[in-house]
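In the numbering used here, the protein residues as written are 679 to 971.
Here it is, written out as structure tokens:
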């Protein structure tokens with residue numbers, strides 16, 4: 679029996695975490711990268727990587743995708759739509775051997791709920807252009823299921839952190855601030871647990887399903903920064919009122935702070951039997967630091 683074949687549109691941070699684990703188990707993994715630097719990182723991990731510039735199909739796409747059993751896309755959309763669906767839609771329609779396909783979206787599609795909890799039945803109500811583009815991209819991928827039978831699953835990811843991308847790195851770089859906005863919390867997910875959710879879904883394919891992907895504890899950003907400082911043995915920076923901090927925030931940073939919601943993760947526990955390696959940011963940050971030292 680041939681080994682399963684995963685193709686990742688966008689061999690980035692989360693997709694490479696999944697790819698490394700599957701490669702170690704004998705899977706064949708290939709995918710696209712934005713540039714030669716990312717291509718080199720993917721190749722070093724053991725994946726076959728090609729360049730996709732987002733405007734036209736990558737070279738020999740039809741033959742490369744033939745026989746693929748699993749597809750994952752993490753390529754962000756733009757105002758003109760999802761570049762993967764736009765460039766490769768005809769090829770995706772023609773694939774017959776795919777048993778699972780996943781699209782990585784964001785919990786940002788729910789918009790601001792004033793701190794109320796959202797599960798997968800909550801209405802999509804994006805409050806920024808970036809989140810609206812994500813919501814449109816979800817529909818474009820789900821349409822491939824309706825039109826071509828592609829077994830698409832949508833994963834709405836909370837804030838991603840992990841080795842090299844955590845509050846520990848922000849504190850060390852000197853750019854961490856403890857912003858005080860009472861009642862405002864963020865949901866997060868460790869990159870290793872993203873891979874765990876995707877693998878669980880592959881084992882329990884349910885085409886058309888939408889999953890929230892976050893850990894068990896939403897928390898104030900200031901609390902995460904304080905905990906990172908505690909682990910590093912340094913004093914935390916002083917609290918800064920949100921109104922003051924917002925004066926020099928980028929539009930993208932402000933868009934994150936404009937949305938306040940708690941994300942419910944019970945579906946992935948119930949339907950995918952997901953057990954988190956890092957159920958809160960505390961276990962995640964401790965593990966990252968331990969691996970470094």
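Note that CB positions come from ideal geometry on N, CA and C, so glycine has one too. On a predicted model such as this, the values are computed, not experimentally measured, just so you know.
Spell out the partners DSSP gives residue 889 in its beta bridges.
-> 833
Less than 8 Å between the CB atoms is what I'm expecting for residue 834 and residue 691, so what's the real figure, rounded?
-> That belief does not hold up - the Cβ atoms of residue 834 and residue 691 are roughly 17 Å apart, past 8 Å.
In the DSSP assignment, find the unbroken alpha helix (DSSP H) run with residue 905 in it and report its ends.
-> 899-910
Name the one or two DSSP bridge partners that residue 759 has.
-> 756
Where does residue 918 fall in DSSP's three states?
-> strand
Out of curiosity, what's the CA-to-CA distance linking residue 868 and residue 745?
-> 31 Å
Per DSSP, which residues does residue 743 bridge with? Please list them.
-> Residue 743 pairs with nothing; no bridge assigned.
Classify residue 932 as buried or exposed, calling it buried when 16 or more other Cβ atoms lie within 10 Å of its own Cβ.
-> exposed
Residue 721 lies in the alpha helix (DSSP H); which residues open and close that run?
-> 714-723
Does the Cβ of residue 930 have 16 or more other Cβ atoms within 10 Å, making it buried, or fewer, making it exposed?
-> exposed
Bridge partners of residue 726, per DSSP?
-> 708
Whole-Å CB distance - residue 919 paired with residue 858, under 8 Å assumed | 6 Å
When the Cα atoms are used, what is the spatial distance from residue 952 to residue 944?
-> 9 Å
Residue 879 classed as buried or exposed, judged by whether at least 16 other C-beta atoms fall within 10 angstroms = buried
Beta-carbon proximity of residue 751 to residue 742, cut-off 8 Å = no
Return yes when the Cβ of residue 936 is within less than 8 Å of the Cβ of residue 790, no when it is not.
-> yes
The alpha helix (DSSP H) with residue 702 in it runs from where to where?
-> 691-702
Where does residue 785 fall in DSSP's three states?
-> helix
Could you pull out every residue in the same chain whose Cβ sits closer than 7 Å to the Cβ of residue 739, ignoring the five residues on either side in sequence?
-> 766 and 769
Helix, strand or coil: how does DSSP classify residue 849 here?
-> helix
Do you know offhand how far residue 704's Cα is from residue 897's?
-> 38 Å
Terminal residues of the continuous alpha helix (DSSP H) containing residue 812?
-> 807-826
Contacts around residue 963, its chain only, beta-carbon distance under 7 Å, and the 5 residues preceding and following it disregarded = 844, 845, 846, 905, 906 and 909
For the alpha helix (DSSP H) holding residue 877, just list the boundary residues, first then last.
-> 869-881
Alpha helix (DSSP H) segment containing residue 965, residue limits | 959-970
What are the start and end residues of the alpha helix (DSSP H) that includes residue 944?
-> 944-950
Backbone CA spacing between residue 760 and residue 784 [nearest angstrom] | 14 Å
Which residues in the same chain have their Cβ closer than 6 Å to the Cβ of residue 940, if we skip the five residues on either side of it in sequence?
-> 795 and 896
Take the Cβ of residue 871 as the centre, count every other Cβ of all protein chains shown within 10 Å, and call the residue buried at 16 or more, exposed below.
-> buried
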